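Here the structure comes first, spelled out in structure tokens, and everything after it is commentary.
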Amino acid sequence: MIHSLFLVNASGDIFLEKHWKSVVSRSVCDYFFEAQERATEPENVPPVIPTPHHYLISVLRHRIYFVAVIQSEVPPLFVIEFLHRVVDTFQDYFGVCTEAAIKDNVVVVYELLEEMLDNGFPLATESNILKELIKPPTILRTMVNTITGSTNVGEQLPTGQLSVVPWRRTGVKYTNNEAYFDVVEEIDAIIDKSGSTITAEIQGVIDACVKLTGMPDLTLSFMNPRLLDDVSFHPCVRFKRWEAERILSFIPPDGNFRLLSYHVSSQNLVAIPVYVKHNITFREGSSQGRFDLTLGPKQTMGKAVESVLVSSQLPRGVLNANLNPSQGTYTFDPVTKLLSWDVGKINPQKLPSLKGTMSLQAGASKPDENPTINIQFKIQQMAISGLKVNRLDMYGEKYKPFKGIKYMTKAGNLCQFRLH
Amino acid sequence: GQHLNLISHLRNLKEMLESSKESLKLEAMKRIVGLIAKGKNASELFPAVVKNVASKNIELKKLVYVYLVRYAEEQQDLALLSISTFQRALKDPNQFIRASALRVLSSIRVPIIVPIMMLAIKEAAADLSPYVRKTSAHAIQKLFSLDADQKEQLIEVIEKLLKDKSTLVAGSVVMAFEEVCPDRIDLIHKNYRKLCNLLVDVEEWGQVVIISMLTRYARTQFTSPWKEVRGQSGEVMKAFYESDSEEKKGHTEEKPYIMDPDHRLLLRNTKPLLQSRNTAVVMSVAQLYWHLAPKHEVSIVTKSLVRLLRSHREVQYIVLQNIATMSIQRKGMFEPFMKSFYVRSTDATHIKTLKLEILTNLANEANISTILREFQTYVKSQDKAFAAATIQAIGRCATNISEVTDTCLNGLVLLLSNRDETVVAESVVVIKKLLQTQPTQHSEIIKHMAKLFDNITVPMARASILWLIGEYCERVPKIAPDVLRKMAKSFTAEEDIVKLQTVNLAAKLYLTNSKQTKLLTQYILNLGKYDQNYDIRDRTRFIRQLIVPSEKSGALNKYARRILLAPKPAPVLESSFKDRDRFQLGTLSHSLNSKATGYQELSDWPAVAPDQSVRNVEIIEASGSDSEEESSESEKTSSDSGKSSSGSEQSSSESELEQKKKKKTKKVPQKKSKPTAADRYSEIPAVCWSLRVTTSSFGPVKTYELLHHMTGKGLAAKYHFPRQPCLYQPSMVAVQVILSNSSDHSLEEIHIGDRSPASLSIHCFNTIERLEPEASVTVSMGIDFSDSTQAANFQLCTKEDQFSVSIQPAVGELLMPSSMTEQDFCKEQGKLQGMNETSATITMETANASSQAISKQVLSVANVGVVSSSQNNFSRFAGRTVSSGALVLVSLELKESSTALLTINTEKTVMASMLLRDIKQALTQA
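Quick note, the sequences are listed as chains A and B, same order.
Just so we're aligned, residue 1 is where the first sequence starts under our numbering, counting upward by one.
Just so we're aligned, residue 1 is where the second sequence starts under our numbering, counting upward by one.
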């Protein structure tokens with residue numbers, strides 16, 4: 001399946017290679033570099049590139065291309081999903097997944113890749129199992145290792161791989177038994193010029209951090225499970241139980257994991273909790289344009305809209321922008337024409353605004369259209385769909401765990417206002 | 001310098017490896033792995049490294065393995081030194097050490113050790129540990145790629161491992177099967193049911209491989225569940241067996257289609273995997289349904305595929321490609337999710353283009369105006385390549401949907417005045433294409449373009465218009481010479497590309513209308529002769545020789561007209577995904593639109609199903625060869641799966657559930673019996689106390705007849721209320737209609753015609769172009785009943801006929817569940833007293849007296865939500881009317897001897913009395 005893996009940075013250097021079968025020359029990446037040169041943006045490199053003898057399937061994350069070399073027919077999603085799993089694992093181990101982090105931990109990276117694939121076929125991809133095999137580096141351990149020469153590799157042999165619950169290691173013990181659940185919802189929306197919604201979707205996840213002794217069997221139920229239009233589960237969730245009763249029943253992995261991702265049906269949509277008032281004008285023949293943008297909250301059930309960040313790609317003709325924010329700071333990059341305004345928290349009494357003028361290239365014609373505005377925000381303690389967890393019960397163990405739940409709403413990657 | 005550096009570095013490392021200190025050795029190995037990772041050559045350290053292969057330090061040993069696997073191929077002789085270590089480890093009592101020894105041994109690509117590997121694989125395949133057996137399955141592929149001559153022996157091992165009942169082994173051995181002997185379908189028969197039943201518990205990567213293999217298997221073993229294709233293959237049959245078995249052929253055609261239970265088993269057992277977090281698993285189930293399920297069942301995969309669009313960019317890319325192919329054949333599948341394909345400014349270009357492709361595929365008469373409005377914003381995009389692609393998409397919509405051709409053309413004509421060259425050029429190109437496909441309507445638009453001509457400054461657009469006028473000069477006989485006159489005036493000031501087309505226009509006019517244009521043409525040709533640009537001088541000279549007869553021009557002159565005014569073929573405007581369905585969905589070949597190495601064709605359905613009994617498994621065999629399982633876990637799995645494979649013909653989803661539950665129960669010995677939620681309420685405090693509502697109205701679905709096939713001349717229709725919120729408009733009630741064709745000919749253009757009352761608002765389903773005999777299709781529609789049980793009357797039309805039908809909703813279907821707490825319920829109930837309260841005392845059937853039975857009965861009648869109650873003798877349900885959103889509260893107070901007080905509070909009093917009647921009936925009957 002997966003023959004080799006090359007890690008390529010933004011400037012087109014291969015900084016790591018790993019082969020699971022016989023060695024494939026790194027010159028195979030030349031085809032990738034060609035595609036990279038052709039692409040106007042890093043994101044535009046096609047994920048699947050055929051070459052005379054191989055196929056290159058790549059993912060781009062954290063400005064690193066993970067390029068897998070394939071020799072014969074394989075579902076491309078299989079490879080893509082696996083590569084993303086590799087990135088997630090690196091992130092889990094090193095906190096960040098950067099070129100520097102990978103180079104610093106090259107031995108651990110190699111050990112991980114060795115365990116994750118055998119002959120190009122995924123072997124151990126569960127974080128729980130990997131962590132039993134290879135301990136994540138910590139500052140303390142690195143120091144101790146250098147002095148004593150002891151190892152990252154687990155002394156014990158993993159038992160999880162053999163069990164019917166491969167995602168959970170055995171013999172887990174905690175003095176404080178806790179289970180935390182974060183319900184995080186993201187809104188993706190397109191709002192048109194007049195403020196009406198073209199599309200809006202709520203996409204949510206429940207991330208869990210479960211630190212419970214033994215083999216706990218949990219059930220989690222919702223007040224309003226019918227809100228969930230479409231769901232995908234961690235393999236630990238018993239599907240039939242969900243089908244029949246709309247209850248999540250599972251033996252959790254140990255530590256952090258994503259229990260559930262869901263989509264809220266479009267019927268239950270709440271309007272996006274921020275509105276934008278805008279007045280951006282360019283006049284024919286004038287070398288100045290006016291820019292006026294005001295943000296306001298709506299329908300947030302009294303919760304504050306925080307960490308607001310507005311960004312917009314201004315038309316090519318704009319040379320510079322001279323703006324005055326009522327709060328926060330803004331930057332304008334005259335090369336990429338990217339305007340970004342770090343607003344912070346929206347105070348409903350004093351709405352944040354950004355006003356001023358834009359200077360245009362002399363003699364250039366008036367830009368065709370107004371730009372699109374992308375917006376980011378966060379609202380704590382609220383799930384915008386109204387999803388509520390009803391209760392969490394534990395069976396199979398005798399102790400009483402501490403249970404906590406947190407809600408949060410934020411803008412997805414695709415929250416945008418069209419001003420044209 | 002750098003090279004010398006590396007050499008001294010390597011010398012250093014060698015010294016470190018030869019030292020007696022473990023920590024130094026480990027440090028050296030770490031640095032060596034660093035070199036390997038960078039792609040540096042560290043092969044000369046081989047002798048020093050290989051000595052440490054038997055080290056006690058696990059990490060050191062593992063790093064030596066990494067090195068060994070990397071360089072063994074280059075240093076074959078030295079690599080052999082390590083083999084004995086692995087041979088010893090293969091006998092280790094610890095299963096992990098055995099497995100890891102086999103992993104490394106089989107990864108050393110040295111041909112001399114093939115016999116040793118073969119032996120090790122055979123032994124490991126019979127190992128007691130499933131983990132070691134899994135490793136041996138991986139080793140099979142490695143050995144096969146090292147020495148393909150071992151195929152026969154390896155197949156024997158595969159055959160043995162396929163019988164394995166461990167979920168650990170299943171994925172790996174199927175992978176080996178796919179690599180080594182994908183054509184040996186016969187090895188699968190006996191294991192088919194077991195694989196289907198194990199599937200849910202196999203690790204996710206194995207699931208993908210197994211599903212893909214079973215898709216191929218099913219296409220060779222079962223008959224087609226798609227009626228129309230069956231007819232076709234029947235014909236193929238006829239051609240094949242014409243001489244010997246005509247009788248047999250007739251027989252198969254008459255028999256109604258019954259799905260093989262094994263076929264159904266596969267579909268049923270893969271469906272839950274649509275909920276997997278692994279995108280590759282979801283995609284593989286989707287392709288399985290696409291290639292194997294009856295047509296009306298395929299749409300269950302839609303939602304899951306749309307879900308994948310919220311994953312990483314690369315995932316989106318692959319999924320969109322597959323949706324693009326699917327949406328050509330099955331618009332209806334994705335039309336309700338059209339908005340998910342709207343383009344965001346942050347999308348990568350290849351994602352944008354695919355979304356555009358899909359939106360164009362989904363366009364139909366009903367949604368085209370929405371799509372065109374969306375396209376208008378794309379045209380304004382700053383990404384001009386994308387804007388150009390949008391214009392092409394508009395062109396495709398214009399040719400596919402005749403209603404909007406004119407609108408599109410007008411829109412495109414407007415775009416000609418756009419400032420951007422790409423947009424203009426693309427518009428002209430598309431207009432040109434549209435005009436070529438519709439030669440009748442030329443002149444008006446060409447006239448219009450000629451009028452706009454003076455205002456258009458973009459050279460490319462001017463040139464294109466000149467070409468159009470020239471090409472169709474005979475249809476605009478008055479305008480063409482006038483344009484030429486203007487061009488003669490401005491010729492010297494034009495851009496080169498415009499000059500070239502002016503010369504072209506002049507030549508064409510000279511040939512068709514030389515009386516009016518002879519002088520003009522000569523004037524232009526003279527200007528061109530002395531132009532600064534040599535291309536133009538060259539072209540002018542060529543044209544002059546071609547069209548103006550002279551002694552030098554020769555024979556070519558006679559053909560000038562045929563050369564210049566040859567009819568040009570109209571360009572075809574169709575999806576680039578049109579032929580992609582020749583590849584199995586989800587494959588690399590499908591992504592690339594060309595056959596990848598090792599691609600396995602999906603065979604056509606057999607006309608007659610091969611022997612079904614080959615899949616029967618005897619029970620004795622199930623506990624066969626490896627009954628002395630070492631691991632207790634896998635023993636459980638094996639006994640479970642053995643049971644299910646023997647009884648799989650009737651194994652229903654319940655038995656699966658049981659099986660799974662049983663397994664889980666064993667793992668959790670403390671859990672004696674499955675506690676019901678109610679038992680536990682008081683014991684463990686819940687996370688959140690504020691609200692207590694459960695909505696669980698998943699009652700049985702009642703199906704009603706809409707049109708009997710006798711009345712409908714073969715067209716039969718049934719409908720039911722899926723009790724889902726209506727996608728099209730919140731005030732509508734969702735209705736699913738199952739249309740089937742029981743006539744002997746195919747029905748065409750099934751759609752909804754007139755409706756009464758005329759104000760009735762219905763969201764119609766897409767016109768069904770064609771419904772083959774025996775086929776059926778499920779469509780959804782939305783009807784706004786305005787909270788009344790008055791029937792919605794409309795006409796169901798086919799191409800030839802119209803049938804008046806009506807849908808009369810039961811009052812309970814006009815509601816949707818509402819979530820509220822007990823307190824809120826009582827508060828709201830307090831507000832709806834007096835006139836708004838309807839109640840009756842009823843005597844219930846004893847079987848219905850429990851609160852669960854009450855819920856079940858009430859939910860079967862009305863689409864309401866259960867309000868959890870703190871009092872045992874009270875059952876409460878809350879709902880809202882779909883159209884106006886008025887609250888409907890139902891409460892039932894149990895009295896003695898199965899009498900109860902049924903109360904309904906709502907301002908819709910008519911509905912209340914009808915609902916009261918229905919609920920009463922449901923509860924008093926058994």
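From the three backbone atoms N, C-alpha and C, an ideal C-beta is built for every residue, glycine too.
From a predicted model like this one, the values you see are computed outputs, not experimental measurements.
{"query": "Leaving out the 5 sequence neighbours to the left and right, which residues in its chain are closer than 6 Å to B/A950 when beta-carbon positions are compared?", "result": "For residue 950 of chain B there is no data in the structure shown, the boundaries of chain B being 1 and 926."}
{"query": "Quick one: what's got a C-beta closer than 6 Å to A/F121's C-beta in the same chain, skipping five residues either side?", "result": "M1"}
{"query": "Is there a Cβ of chain A sitting closer than 8 Å to that of B/L592, yes or no?", "result": "yes"}
{"query": "Can you pull the DSSP bridge partners for A/G344?", "result": "A/V308"}
{"query": "Between the Cα of B/P272 and the Cα atoms of B/A286, B/D260, B/H263, which residue gives the shortest distance?", "result": "B/A286"}
{"query": "Can you tell me where the alpha helix (DSSP H) with B/S212 in it begins and where it stops?", "result": "204-221"}
{"query": "Considering only residues of the segment 811-860 of chain B, which uninterrupted beta strand (DSSP E) runs meet the minimum length of 3 residues and lie entirely inside it, listed in chain order?", "result": "815-817, 837-843"}
{"query": "What ranges does the beta strand (DSSP E) occupy inside the segment 858-920 of chain B, keeping only unbroken runs of at least 3 residues that lie completely in it?", "result": "865-867, 874-881, 887-894, 899-905"}
{"query": "Give me the chain B residues within the contact set of A/Y180, using Cβ-Cβ distance strictly less than 8 Å, ordered along the chain.", "result": "The contacting residues do not exist; A/Y180 stays about 10 Å from chain B at best."}
{"query": "May I have the straight-line CA-CA distance separating A/S22 from B/S107, to the nearest angstrom?", "result": "9 Å"}
{"query": "Within 8 Å of any Cβ in chain B, is that where the Cβ of A/Y174 sits?", "result": "no"}
{"query": "So with CB distances below 9 Å, who are the chain B contacts of A/P315?", "result": "Q382"}
{"query": "Counting only beta-carbon atoms, is A/V264 nearer than 8 Å to chain B?", "result": "no"}
{"query": "Cα-Cα, which of B/L889, B/T325, B/S381, B/A348 is closest to B/E357?", "result": "B/T325"}
{"query": "What first and last residue would you give for the alpha helix (DSSP H) that runs through A/D88?", "result": "76-94"}
{"query": "Taking a cut of 7 Å between CB atoms, which residues from the segment 80-100 of chain A lie near chain B?", "result": "I80, E81, H84"}
{"query": "CB-CB under 6 Å to B/L267, same chain, minus the five flanking residues each way: which ones, in chain order?", "result": "A293"}
{"query": "Rounded to whole angstroms, what's the CA-CA distance from B/S641 to B/L198? Just pull it up for me.", "result": "Bear in mind that a pLDDT of 37 at B/S641, under 50, signals an unreliable position, so the model cannot answer this."}
{"query": "Comparing C-alpha positions only, which one of A/K18, A/E41, A/P46 sits nearest to A/Y31?", "result": "A/P46"}
{"query": "Report yes or no: do the segment 211-221 of chain A and the segment 289-307 of chain A share at least 3 C-beta pairs separated by less than 8 Å?", "result": "no"}
{"query": "Return the CA-CA distance between A/R10 and A/I49, expressed in angstroms with no decimal places.", "result": "The sequence given here places Ala at residue 10 of chain A; Arg does not occur at that position. For A/A10 and A/I49, the distance between alpha carbons rounds to 18 Å."}
{"query": "Over the uninterrupted alpha helix (DSSP H) stretch that includes B/M283, give me the two end residues.", "result": "279-292"}
{"query": "Taking Cβ-Cβ distances shorter than 7 Å, what residues in chain A pair up with B/G834?", "result": "Residues of chain A passing the Cβ test: none, with the nearest at roughly 31 Å."}
{"query": "Straight-line CA distance for B/E822 to B/L892?", "result": "13 Å"}
{"query": "In chain B, which residues lie less than 8 Å from A/I14 when you measure between Cβ atoms?", "result": "G39"}
{"query": "Would you mind sorting A/F6 into buried or exposed? The rule is 16 or more other CB atoms within 10 Å of its CB.", "result": "buried"}
{"query": "Can you pull the chain A neighbours of B/V114, defined as C-beta to C-beta under 8 Å?", "result": "Under the 8 Å cutoff, chain A gives no residues; its nearest Cβ is about 15 Å from B/V114."}
{"query": "Excluding five sequence neighbours on each side, which residues of the same chain lie with their C-beta closer than 8 Å to the C-beta of B/A686?", "result": "Confidence is the limiting factor: at B/A686 the pLDDT is only 33, short of 50, which leaves the residue's position unreliable, though a coordinate-based value still follows. Once the five neighbours on either side are set aside, B/A686 has no close Cβ partner at all."}
{"query": "According to DSSP, what are the bridge partners of A/T372?", "result": "A/R418"}
{"query": "State the start and end residues of the unbroken beta strand (DSSP E) segment that holds A/M215.", "result": "First-last for A/M215: undefined, no H or E at that position."}
{"query": "Could you please give the first and the last residue of the uninterrupted beta strand (DSSP E) stretch that includes B/P757?", "result": "Neither: B/P757 is in no beta strand (DSSP E) and is coded neither H nor E."}
{"query": "Output the boundary residues of the beta strand (DSSP E) element that contains A/E17.", "result": "14-19"}
{"query": "Drop a sphere of 10 angstroms on the beta-carbon of A/H54, count the other beta-carbons inside from all chains shown, and report buried for 16 or more, exposed for fewer.", "result": "buried"}
{"query": "Looking only at C-alpha atoms, which of A/F78, A/L319, A/L228 sits nearest to B/V282?", "result": "A/F78"}
{"query": "For B/V132, which residues of its own chain have a beta-carbon under 8 Å away from its beta-carbon, when the five flanking residues on both sides are left out?", "result": "Q95, R98, A99, L102, A124"}
{"query": "Which residue from B/K355, B/A387, B/A348, B/D754 puts its Cα closest to that of A/P42?", "result": "B/A348"}
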